[in-house]
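Protein chains in written order, with the numbering used here: chain A, 642 to 1039; chain B, 44 to 524. For glycine and all other residues, C-beta sits at the position ideal for the given N, C-alpha and C. These numbers come from a predicted model, not from an experiment.
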Amino acid sequence: MAVEVTDAAPKASFWRDQRNRAIITQIVVVSAFLSLVWFIVDNTISNLDRLGIEPGFDFMGNIAGFMPTGPNFNITNFDVNTSTHGDVFVLGLVNTILIAACGILLSTIVGFIFGVLRLSSNMLISFVAAVYIEFTRNVPLLLQILIWYFGVFLLLPNVRNSASIGDVIFLNDRYLTFPSPIFESGFVLFPIAIILSIGGIVALAKWAKKRQDATGQQFPVFWASLGVLIVVPFLALVVTGFPVSWNIPSLQGFNFQGGAQAPAAFWALLAALTFYTGAFIAENVRAGIQAVSHGQTEAAYALGLRPGLTMRKIIIPQALRVIVPPTTSQYLNLTKNSSLAIAIGYPDLVNVFTGISLNQTGNAVEIIALTMLVYLTISLMISLFMNWYNKRIALVER
Amino acid sequence: MSDLAYNKTERHEDLPPPASEVGVFGWLRHNFFSTWYNSIGTLVVLYLFYLMVPATLDWVLFSAVWDATSNQDCRFEGAGACWGFIDARLNLFWYGFYDIENYWRPSLVGLMLLVFAVPVLFEKIPAKLVGGVTGVFGLGWAVWAFGGLGQVASLNLPVTIGLLAFIGLITAGVFLRSPRSVCAIAIVGVFPWVSVSLLYGPVNVESLQSGLGIAVYAILFLAGGGFGYWSSKRLDALGAFLGYLVAYFVAVIVFLSWGFGLTIQPTNTFGGLMLTLVLATVAIGVSLPLGIILALGRRADNMPAVQMLCIGFIELVRAVPLITILFMAQFMLPLFLPEGVNFDNVVRALVGVSLFASAYMAEVVRGGLQAIPKGQFEAAESLGLNYFLKMRLIVLPQALKIVIPGIVSTFIGLFKDTSLVSIIGLMDLLLIAKSSVTDSKWLGLEHEAYFFIALVYFVFCFGMSRYSIYLEGKLHTGHKR
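Given below as structure tokens:
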């Protein structure tokens, strides 16, 4: 008895076909999404109409009429009489980038130090590091910001009794004030000299590596670089006759005049962000170093490398592969967390633009969309940079 | 000549290790003074301890003022922490501005969560103990609710019947085969509704039609449904489904609309630790199922449109700070809805925090999904399992197990992030602490208030992280060295 053989696979019923199901699901989801969007847009338009709010970005040109920052922490020269909401936006953006950049730098240092201390063979030191990490990670950042602000910086002496370092830097419960440089003509040479010496150092390092590869002779790159970096810019200053003078703050009446001031809110926010994010980075560093097998260390010792060199040439490059990706997301978190500035009145983007400007103009949709766009852009930029860096240090396989 | 040579013929007896290598000295040397820089480090740390520990202990314990009626009682030379202030304001820290005669309601909700959650969370606890504790709890609860607090008059007949039915369901369940499953079902199907009724009061028809009601329905339905589906594998499917259905309808009909006949407690009186816990629990309950759905959507390669929507949502939410999302919930949500529909402040914050947490949860779950080898998917398909069965029976149990540490750390982050609602003016633990020291009677006690709430946050977060370690160990079924 012959079995009938057909080429065609048995055809599934229409509803059992995976492709049809996928198409139907997508149609349902997309139309639900579109109707939600339509619902929101429709309501928003009628609500804006009812409330008499003019949609669009015209409000950015209106005079803001409030002073979002202290007189000497005014990086963008904001003027209360002429500056617009657009200027408020710029001011907030600059302050956000400032605090994020400082925070990323410092938290990386703190994180690496405590990550290494956590692994110390000294029980006491690793215990102290563990206590710091556990306590900081398990208490909300906002609370830590308030503790730094109300519990530390606001308890400093008042303006008239400021603590001073050498009578040029003064610290009180409102700000830290320090001399600001006044650049005279000819100062351009100084940054040029720095750039040139950095270029020289890079070339030197390349040459030294090439020579070592070829002949085995080593060259003290570090000390030579340090010398170049100090001597060349100093020479530039000498040649141009020190074209920089300092505006030293001095107490006049109830306040300090001159110099630059960074408000207590800045330091409190910076301290909180640094130590909070530092604790997370410390855990990443610990995990990264522990991920490098002990055989690597033993192999390095067997080759005769000293402990310092083993750490620098063998352990750290391998640990970085594990450390970098989670640390990237900590950098992103730090940038986003800087928006908590609003709790203590540091004039960052969310505080002055999303907070005060929104209250004044009522253009909620535009302002919140713009704020989100800014953070989206910053996040994307940090991700792109760290992805590039990650690719550079990643294991190169066949 | 040969007699000058000295050849040792027998083995020398073992010498004891040098005194510097063993005992207390050896231990000290190895752990504290192994190198010169370790010695310096030890001495520096000891000096810092000497500077800080006695002073801190003195402030916290020895010189502390435990009994005070105002900050004047703590203003003398050498006074330490003013714990009398915390003691006097403790109600505010725990319950916010909730009516004092109603404190038993949130306490009961908390206790219920504890009693039902512990057996689900810790499987080592023997079933009989679970049954016993739950039974005693049910009995004690009944006595407390009916007699102890004089609330009898405010309970009407149908509510009383509902209450008894609920207690009966639980106590009957615990002595059945699987008290743990009953606890899981109670948490999922009954607990949300009961807690809403207890915390807020009866949700009547009018307020159900308002935004508050819709939001409560939507959130609780999502939370209950998602968790119920997920946890139903703890019983056999039909039993779980029926139990869940019964519990669900009992809860919905009896508790939500009759609401024990309790008075309404407006949400603007919610505050303190209670509000923090409400926010965290709801956000945790919503974010896990929603995160799983988003992660599955993101991995749905055959549906590019769904994939795009999920990726767009996840990446947008993860790229912006929580505070902008809270601002959005605060200022933009009223614009998005038709005129007259108004959300409660607490519900708005809940929506914001939950959506925020879902995006992070989705990424954690996606990590787990990516770690499952393709062979598992293919094996499930070749067994003829459809998409949902494949995910629920084969993929998700493995994927979620891998990412438990990630899930718990998201929970911890979420718990800490609830403090941000203080910025939009909700009286959570942080804002209570911040505003309680502006009371003229207790001016200038920031240190005490912040120290205290830092401790509270720490206990919760540290507890969660320890639990995650415990769970990791328990679920580690692979090869462990």
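Residue-chain proximity (residue i, chain B), Cβ-Cβ < 9 Å
i: Y942/A; result: no
i: K977/A; result: yes
i: Q667/A; result: yes
i: T1016/A; result: Going by the sequence as given, residue 1016/A is Tyr instead of Thr. True, the Cβ-Cβ gap to chain B drops below 9 Å.
i: M701/A; result: no
i: M1027/A; result: no
i: A1005/A; result: yes
i: Q971/A; result: no
i: N736/A; result: no
i: A663/A; result: yes
i: S1020/A; result: yes
i: F674/A; result: yes
Cβ shell of residue i (< 8 Å), same chain only, five flanking positions each side left out
i: F1024/A; result: What sits at residue 1024/A in the sequence shown is Ser, not Phe. Around S1024/A: T969, L973.
i: Y1030/A; result: V965
i: G190/B; result: Low confidence applies here, because G190/B scores a pLDDT of 46, under 50, leaving its location unreliable and the question unanswered by this model.
Chain A contact for residue i (CB, 9 Å cutoff)
i: I447/B; result: no
i: L333/B; result: no
i: F75/B; result: yes
i: C504/B; result: yes
i: M346/B; result: yes
i: S501/B; result: Strictly speaking, residue 501/B in this sequence is Phe, with Ser absent from that position. Taking Cβ atoms only, chain A reaches closer than 9 Å to F501/B, which makes this a yes.
i: S508/B; result: yes
i: Y493/B; result: yes
i: H55/B; result: no
i: D460/B; result: yes
i: G66/B; result: no
i: I475/B; result: no
i: L518/B; result: no
i: V329/B; result: no
Simplified DSSP state of residue i, which is helix, strand or coil
i: F119/B; result: coil
i: S425/B; result: helix
i: D471/B; result: strand
i: S113/B; result: coil
i: Q308/B; result: coil
i: Q859/A; result: coil
i: A901/A; result: strand
i: P822/A; result: strand
i: N718/A; result: coil
i: A343/B; result: coil
i: Y816/A; result: strand
i: I704/A; result: strand
i: T881/A; result: helix
i: I806/A; result: strand
i: V363/B; result: coil
Cut-off 6 Å between Cβ atoms - residues of its own chain near residue i, not counting five sequence neighbours on either side
i: L251/B; result: Only weak support exists for where L251/B lies, its pLDDT of 49 falling under 50; the value from the coordinates is given anyway. Closer than 6 Å at the Cβ level, and outside the excluded window around L251/B, lies no residue.
i: L393/B; result: V325
i: L795/A; result: D814
i: S511/B; result: P448, V451
i: T818/A; result: F811, P890, F897, G900, Q902
i: S821/A; result: N888, G900, A901
i: T710/A; result: P988
i: P781/A; result: none
Own chain, CB closer than 7 Å to residue i, minus 5 neighbours either side, in chain order
i: A323/B; result: L457, F458, T461
i: V389/B; result: T310, F313, L469
Can you give me, in chain order, the residues of the segment 865-881 of chain A that have a beta carbon less than 8 Å from any beta carbon in chain B? none
Say whether the segment 123-135 of chain B touches the segment 485-495 of chain B, bearing in mind that this needs 3 or more beta-carbon pairs closer than 8 Å, one atom from each stretch. Under the Cβ criterion (8 Å, minimum of three pairs), the segment 123-135 of chain B counts as touching the segment 485-495 of chain B.
Answer yes if the segment 323-343 of chain B comes into contact with the segment 400-412 of chain B, meaning at least three C-beta pairs across the two stretches below 8 Å, and no otherwise. yes
Residues, ordered as in the chain, of the segment 759-782 of chain A that lie near chain B by beta-carbon distance below 9 Å: Answer in chain order: S761, S762, N763, M764, L765, I766, F768, V769, E775, F776, R778, N779, V780, P781, L782.
Scan the segment 931-958 of chain A for residues whose Cβ lies nearer than 7 Å to a Cβ of chain B and list them as they occur along the chain. none
Between the segment 362-393 of chain B and chain A, which residues of the former have a C-beta closer than 8 Å to a C-beta of the latter? A362, V363, P364, L365, I366, T367, F370, M371, F374, M375, P377, L378, F379, L380, P381, E382
Anything in the segment 101-130 of chain B with a Cβ closer than 8 Å to a Cβ of chain A? List those residues in chain order, please. Hits within the stretch: zero.
Proximal residues, the segment 980-999 of chain A versus chain B, C-beta separation under 9 Å: Within the segment 980-999 of chain A, the qualifying residues are S980, L981, I983, A984, V991, T995, G996, L999.
For the 8 Å Cβ check, are there 3 or more pairs between the segment 1008-1020 of chain A and the segment 358-378 of chain B? yes
Would the segment 995-1013 of chain A and the segment 699-712 of chain A be scored as touching if the rule is three or more Cβ pairs under 8 Å? Counting C-beta pairs closer than 8 Å gives three or more between the segment 995-1013 of chain A and the segment 699-712 of chain A, which meets the contact rule.
Touching or not, the segment 661-676 of chain A and the segment 945-962 of chain A, by the rule of three or more beta carbon pairs under 8 Å? no
Three or more C-beta pairs under 8 Å: does that hold for the segment 74-82 of chain B against the segment 750-763 of chain A? yes
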